[in-house]
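Residue numbers (the numbering used here): 4 to 672.
Beta carbons are placed, not taken as given, at the ideal position from N, Cα and C, and that holds for glycine.
Inspection log for the structure reproduced underneath, given as structure tokens.
Below, the structure is given as structure tokens:
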């Protein structure tokens, strides 16, 4: 097996309806202004929905799963409306290309608003000033390192953020927040522009030449085929799965309102096998949640067997490392899981570049008009335009961060690490489509640099901006928007879609999504106050993000030296990941995927590992005893389970926003 292919696509096992490329006419396969307008109308309620559930209540989490269920619910209801329009005026109905445009724009805007993205930044912009006390000495320690143009520091303006019951819509308060909102939006646009252009440059190689599987897009592609009028919705197995999953979520939702109803929770916090390990060293295993989410089992069924196996295997492997450390008396932070994960992701990025190297060389020739270039006439934008946009956006990011107080020699590795991680996540999503890819903790650029350099070379100004920039390089990365951009390009390719306006639509979604997220978050903070208690029982959403500044003050008060054990763990992660890659390239039977190692070390797989075990067993039995034919039929059942939970489970979430009360949460987060 060549290292030029981590995983062979499984298209030959998919239902035939999912493999057809829609041969649409020129009028049916373009990005229309109508679809852009519909998406722009839908972005505000969707962003408000995400902010209310993920940020305010920490209950429903639409964007912590790779396939955002709020976006799928929007598509489903638009399809229902579209089927009615087809009966009255077929020419006026939405096409699959228009649905893809809406999907792309809603996914990008929702991702920006998500739990690991701007929900980390916006409520924290004022913390350094509001929580400054004589005891913590933040006024002298931190304030000089916080770029003034990115924050609001007036305590009278900020009082409503923390106390609530304050009108947000007045000239003084809104006027104070306009400047940081516009500055941050411009920065977010520049960062996102580079992501889009990088995707344009690798799209042809990953999508058309390597034919990566893109498992995440299978459901949205299936339900939007022919504007939602495909035979997909006439499949009985699909409706069996839909009805069963829908009934389960209806029952769970009713049990929330009527506790007397017997219920069996499928949530990750309902069972903890870790409590059975009480003696040393086994108690070092910590929490071992056992989730049983039906839709995650269905999503796991779509994954290659080796990936789903690798995800839960390496999750248990990380627990075993903790036990070994306890048995040997090695103190924390051994086994350095974040550093191992950093090494794993860097290896995946390096391999992605190696796999794409010949294509990138041809892209370079095309940019400079040399011989043996690539025909980029069918790309969303030409490679030359993409390179120019990367250059211009890069210059703006450089100027912006210099203005914010960062130094050039820290800016470059900090952003190179971010884009390396972004490309790695995007490659893994395109190739194998994990249900989620949470990297909660310190799997980020600042930890990478601090491990290598210590804190003194970074200095307070670099660390000050990084603390504010937690949305981009902080925790989680579950809502990362770069994979959604590439997946939208793949959907467009599969639908024979003209993508000339798709980049414009994506950039519009970034700008509008950022502005709307600032509005939704700030208006809710001024209405409710930052100290409200979330549904999860934790402290309020604003107060909860004070940890970023505790981290900063800790580093300034107690500088760190380069961490040799952490550097060793990163190097070990790189080496072990390359070992896994070599084994997969040499031995077809080797079952461990390097992406499973990188994803599973930081705890996020705990939300769904047992679901993948079940999916693994079901898929193996289906292929072993039923063959490809049974597998194709089973996929339709799994699609029904996924869509049934997405529709009914999301209904409870929508209702919770309408009645302003958390209800049943059907998804992990």
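Neighbourhood of residue i by C-beta, 6 Å cutoff - its chain only, sequence neighbours within 5 removed
{"i": "residue 441", "result": "479, 481 and 607"}
{"i": "residue 352", "result": "423, 426 and 427"}
{"i": "residue 97", "result": "85 and 230"}
{"i": "residue 403", "result": "190"}
CA-to-CA distance, residue j to residue i, given in whole angstroms
{"i": "residue 500", "j": "residue 104", "result": "10 Å"}
{"i": "residue 335", "j": "residue 214", "result": "43 Å"}
{"i": "residue 310", "j": "residue 429", "result": "16 Å"}
{"i": "residue 384", "j": "residue 506", "result": "8 Å"}
{"i": "residue 406", "j": "residue 147", "result": "14 Å"}
{"i": "residue 350", "j": "residue 422", "result": "13 Å"}
{"i": "residue 647", "j": "residue 641", "result": "10 Å"}
{"i": "residue 661", "j": "residue 561", "result": "47 Å"}
{"i": "residue 611", "j": "residue 321", "result": "15 Å"}
{"i": "residue 512", "j": "residue 598", "result": "29 Å"}
{"i": "residue 432", "j": "residue 158", "result": "43 Å"}
{"i": "residue 583", "j": "residue 317", "result": "12 Å"}
{"i": "residue 669", "j": "residue 370", "result": "48 Å"}
{"i": "residue 655", "j": "residue 387", "result": "47 Å"}
{"i": "residue 492", "j": "residue 667", "result": "34 Å"}
{"i": "residue 278", "j": "residue 259", "result": "26 Å"}
{"i": "residue 577", "j": "residue 39", "result": "42 Å"}
Simplified DSSP state of residue i, which is helix, strand or coil
{"i": "residue 1", "result": "With the chain covering 4 to 672 only, the question about residue 1 has no answer from this structure."}
{"i": "residue 292", "result": "strand"}
{"i": "residue 591", "result": "coil"}
{"i": "residue 108", "result": "helix"}
{"i": "residue 238", "result": "coil"}
{"i": "residue 275", "result": "strand"}
{"i": "residue 445", "result": "coil"}
{"i": "residue 342", "result": "helix"}
{"i": "residue 503", "result": "coil"}
{"i": "residue 384", "result": "coil"}
{"i": "residue 207", "result": "helix"}
{"i": "residue 67", "result": "coil"}
{"i": "residue 196", "result": "helix"}
{"i": "residue 7", "result": "Note that residue 7 scores 40 on pLDDT, short of 50, meaning its location in the model is unreliable and no value can be drawn from it."}
{"i": "residue 218", "result": "helix"}
{"i": "residue 186", "result": "helix"}
{"i": "residue 98", "result": "coil"}
{"i": "residue 90", "result": "helix"}
{"i": "residue 437", "result": "coil"}
{"i": "residue 522", "result": "helix"}
Residue environment, residue i, which counts as buried when at least 16 other CB atoms sit within 10 Å
{"i": "residue 207", "result": "buried"}
{"i": "residue 591", "result": "exposed"}
{"i": "residue 272", "result": "exposed"}
{"i": "residue 136", "result": "exposed"}
{"i": "residue 551", "result": "buried"}
{"i": "residue 66", "result": "buried"}
{"i": "residue 219", "result": "buried"}
7 Å CB neighbourhood of residue i in its chain, flanking five on each side removed
{"i": "residue 283", "result": "329"}
{"i": "residue 326", "result": "284, 285, 287 and 288"}
{"i": "residue 164", "result": "129, 528, 529, 533 and 545"}
{"i": "residue 443", "result": "478, 479, 605, 606 and 607"}
{"i": "residue 538", "result": "Confidence at residue 538 is low in this model, with a pLDDT of 49, below 50, so the placement of that residue should be treated as unreliable; the coordinate-derived value is given next. The residues are 60, 61, 62 and 665."}
{"i": "residue 575", "result": "343 and 346"}
{"i": "residue 691", "result": "Within the shown structure, residues of the chain are numbered from 4 to 672, placing residue 691 beyond reach of any answer."}
{"i": "residue 155", "result": "128, 129, 161, 179, 180 and 183"}
Close Cβ partners of residue i (< 8 Å) along its chain, the five nearest in sequence each way excluded
{"i": "residue 518", "result": "184 and 188"}
{"i": "residue 77", "result": "45, 49, 105 and 109"}
{"i": "residue 410", "result": "462, 464 and 465"}
Member of the options whose CA lies at the smallest distance from the CA of residue i
{"i": "residue 532", "options": "117, 126, 397 and 377", "result": "126"}
{"i": "residue 672", "options": "100, 292, 175 and 431", "result": "292"}
{"i": "residue 340", "options": "264, 356 and 319", "result": "319"}
{"i": "residue 41", "options": "54, 80 and 56", "result": "80"}
{"i": "residue 649", "options": "343, 250 and 281", "result": "250"}
{"i": "residue 448", "options": "346, 112 and 525", "result": "346"}
{"i": "residue 600", "options": "502, 414, 312 and 521", "result": "312"}
{"i": "residue 657", "options": "39, 35 and 56", "result": "56"}
{"i": "residue 274", "options": "263, 260 and 294", "result": "294"}
{"i": "residue 365", "options": "51, 375 and 244", "result": "375"}
{"i": "residue 303", "options": "653, 631, 663 and 621", "result": "621"}
{"i": "residue 413", "options": "465, 616 and 299", "result": "465"}
{"i": "residue 72", "options": "122, 298, 225 and 290", "result": "298"}
{"i": "residue 363", "options": "141, 300, 556 and 200", "result": "200"}
{"i": "residue 637", "options": "153, 563, 495 and 238", "result": "238"}
Interface flag, residue i vs chain D, CB-CB below 9 Å
{"i": "residue 511", "result": "Annotation note: the requested chain D is absent from the structure, which comprises a single protein chain."}
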